[in-house]
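To convert, note that position 202 of the sequence shown is 202 in UniProt numbering; the numbers rise steadily by one, no gaps. The C-beta atom is built at its ideal place from N, Cα and C for all residues, glycine as well.
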Amino acid sequence: MSFGLKTAPSTFQRFIHEVLRGLNFVFPYLDDILIASKSNKEHEIHLNLVLERLKTFGLRINISKSVFAVEEIEFLGYLITPQGSRPLPDRVQAIMNYKRPENIQDLRTFLGTLNFYRRYLKDAAKNQALLHEYLKGSKTKDKRKIQWTDEAEKQFEKRKNDLANATLLSFPNSELPLSLFTDASDTAIGAVLQQYENSTWQPIAFYSKKLNDTQQNHSTFDRELLGIYLSVKHFKHYLEGRTFTIYTDHKPLIFAFHQKLDKAGPRQAPQFNYISQFSTDIKCIKGENNIVADTLSRVTEVSSIDYDQIADAQTQDEELKSLQTITSLNLKEYHLPSGKYLRCDTSTSKIWPYIPQAFRKQIFHHIQGLSHPGIKSTIKLMNSKFIWPSIKKDVQLWTRTFIPCQKAKINRHTKTKLDEYEVSSGRFFVVHIDLIGPLPPSTGNNYCLTCIDRFSSWMEAIPLDNI
């Protein structure tokens, strides 16, 4: 084979694969051959098999450039150890000593060098987003000077430290349980492929990608789905033929995977279809890490609610005193470990503590923040755990106005019925307001607050960076 031809590397790679076919302990890349063995005796056997195979095909090796029977070795820019792989120490040191780039070309070189080890860097796309902004609209060899800001300089130093703190990645083991953890933010998606080893999840590889302007305008549901789709596509060579679980922190996706495909939108359907070819076992991260069976115990674990304080507040609650006369309730005192008594309703087989006014919204926020259920689900959940008058009305109002919950939901356009309003008696007696967004960013703002006076039709539009 003539060297120097464009097709020479691929031709030789196919040839070396043919030479070493069937030896699953050998990892060849062109003329670099890595032999992985579990013991010295096994290594000796593996070496003999490889050397015999090379001899059969008329190939020779350069002994002076070969290394035998070592536990750690540098291979293709990585340090390979019995525990896993990590970036080479001298490469890491070179990055740490890298001077601040003065022009676009130097910055592109730095980011390219850093991203050679991208699979070791968690959330690389999200963390490097500010530096990549300098590359927008630039050419390959762009010598324009960079106007560094204080924040950009801080990010440059942090990105150098990212490589110094790079995670040790485990070697894939087909006999161990496999999982894919995914997440999506407003600007990027990230994922980590892990296997369960030694009673803990060990990372195999990281993946991240910055979202384009169109993708950033997708709903939370669509961004989370896109994150799973792109992550499965990226780790396809690891996942094919394997049983694995997908973990997400967006609970609506779990139910969506068990619905009929015709309910999905035109953009969602192909993504659901592709993911389903690999796995439909999708779980919520919070469901694995916390106790889901008893929501009240979850609230106790993750919140600072003090039932002793609730018991103290019950003794001074006028509303509770009036409830004692209601025959449908059976209020009893339950002894707390602190020695105080908590009044609960025992009219059914369950025990429901009465919640005074001061603690109602606090408990609602903790229950609602676990998975952002809808109005009906939240009312049902609260009714199954607590009692107080007007609980249904309160929960309904709070759910509709709870901003974190609204952000977690799929964006829907509510169609308001067209109607005529009564004429206002004067200017600014009645003002209609609405929020618009997210919109394409402009001077750091993504939302708009609109206000219209009913009497004069005077309109104001106020830009907002967030809601």
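Residue i: first and last residue of the uninterrupted alpha helix (DSSP H) it sits in
{"i": "ILE45", "result": "40-56"}
{"i": "PHE255", "result": "252-256"}
{"i": "ALA461", "result": "From DSSP, ALA461 is part of no alpha helix (DSSP H) but of the beta strand (DSSP E) over 459-464."}
{"i": "TYR274", "result": "268-276"}
{"i": "ARG108", "result": "104-115"}
{"i": "LYS393", "result": "391-401"}
{"i": "SER322", "result": "318-323"}
{"i": "LEU329", "result": "LEU329 -> no alpha helix (DSSP H), and no H or E assigned at all."}
{"i": "residue 475", "result": "Residue numbering for the chain in the displayed model covers 1 to 467; residue 475 lies beyond these limits and cannot be assessed."}
{"i": "TYR307", "result": "307-315"}
First and last residue of the uninterrupted beta strand (DSSP E) at residue i
{"i": "LEU20", "result": "Run containing LEU20: none; DSSP gives neither H nor E here."}
{"i": "ARG343", "result": "341-345"}
{"i": "ILE33", "result": "32-35"}
{"i": "SER384", "result": "SER384 -> no beta strand (DSSP E), and no H or E assigned at all."}
{"i": "TYR120", "result": "Taken as a continuous stretch (DSSP letters only), TYR120 belongs to no beta strand (DSSP E), as it is neither H nor E."}
{"i": "ILE282", "result": "282-284"}
{"i": "ARG86", "result": "85-87"}
DSSP bridge partner residues for residue i (one or two, in chain order)
{"i": "THR200", "result": "GLU197"}
{"i": "GLU74", "result": "LEU79"}
{"i": "PHE27", "result": "LEU34"}
{"i": "TYR334", "result": "LEU342"}
{"i": "ASN178", "result": "Correcting the residue identity first, residue 178 is Leu in this sequence and not Asn. According to DSSP, LEU178 bridges with GLN195 and PHE244."}
{"i": "TYR354", "result": "ILE387"}
Residue i burial status per 10 Å Cβ neighbour count (16 or more: buried)
{"i": "THR182", "result": "buried"}
{"i": "ALA461", "result": "exposed"}
{"i": "VAL423", "result": "exposed"}
{"i": "TYR229", "result": "buried"}
{"i": "GLU301", "result": "Note that GLU301 scores a pLDDT of 34, beneath 50, so its modelled location is shaky; the value from the coordinates is reported in the next line. The residue in question, GLU301, is exposed, as its Cβ has fewer than 16 Cβ neighbours within 10 Å."}
{"i": "TRP458", "result": "exposed"}
{"i": "SER179", "result": "buried"}
{"i": "ALA188", "result": "buried"}
{"i": "ARG343", "result": "buried"}
{"i": "GLN147", "result": "exposed"}
(request) Would you check if the region 77-88 and the region 51-69 touch, i.e. whether three or more CB-CB distances between them fall below 8 Å? (result) Put simply, the region 51-69 does not touch the region 77-88. Fewer than three CB pairs are less than 8 Å apart.
(request) Say whether the region 192-202 touches the region 152-159, bearing in mind that this needs 3 or more beta-carbon pairs closer than 8 Å, one atom from each stretch. (result) Because the criterion of three Cβ pairs below 8 Å is not met, the region 192-202 and the region 152-159 do not touch.
(message) Using a Cβ distance threshold of 8 Å, determine whether the region 170-182 contacts the region 110-130, with at least three qualifying pairs required.
(response) No, because fewer than three Cβ pairs between the region 170-182 and the region 110-130 fall closer than 8 Å, the two stretches do not touch.
(message) Would you call the region 198-211 in contact with the region 241-255, where contact means no fewer than 3 C-beta pairs closer than 8 Å?
(response) The region 198-211, when compared against the region 241-255, does not touch it at the 8 Å Cβ threshold.
(message) Contact between the region 134-150 and the region 93-111 is defined here as three or more beta-carbon pairs at a separation below 8 Å; is this criterion met?
(response) Touching, per the Cβ criterion.
(request) Please specify which runs of the alpha helix (DSSP H), each continuous and at least 4 residues long, are wholly inside the region 418-452, giving them in chain order. (result) You should have found no qualifying run.
(request) Mind listing, in chain order, the continuous alpha helix (DSSP H) runs of no fewer than 4 residues lying wholly within the region 181-247? (result) Assignment of alpha helix (DSSP H) within the region 181-247, counting only whole runs of 4 or more residues, yields 213-216, 220-234 and 236-239 in chain order.
(request) Spell out a yes or no on whether the region 7-27 and the region 48-57 are touching, meaning 3 or more CB-CB pairs, one atom from each, closer than 8 Å. (result) Touching, yes.
(request) Could I get the ranges of all uninterrupted alpha helix (DSSP H) runs contained in the region 134-169, with 4 residues as the minimum, in chain order? (result) The region 134-169 is shown to contain whole alpha helix (DSSP H) runs of 4 or more residues at 150-164, in chain order.
(request) Flag this pair as touching only if the region 342-349 and the region 373-385 have three or more C-beta atom pairs under 8 Å; answer yes or no. (result) No, the region 342-349 does not touch the region 373-385.
(request) State whether the region 268-283 contacts the region 214-234, with contact taken as three or more CB pairs (one from each stretch) at a distance under 8 Å. (result) A contact is defined here as three or more CB-CB pairs under 8 Å, and the region 268-283 meets this definition with respect to the region 214-234.
(message) Using a Cβ distance threshold of 8 Å, determine whether the region 276-283 contacts the region 311-322, with at least three qualifying pairs required.
(response) When Cβ pairs closer than 8 Å are counted between the two stretches, the region 276-283 is seen not to touch the region 311-322, the count staying below three.
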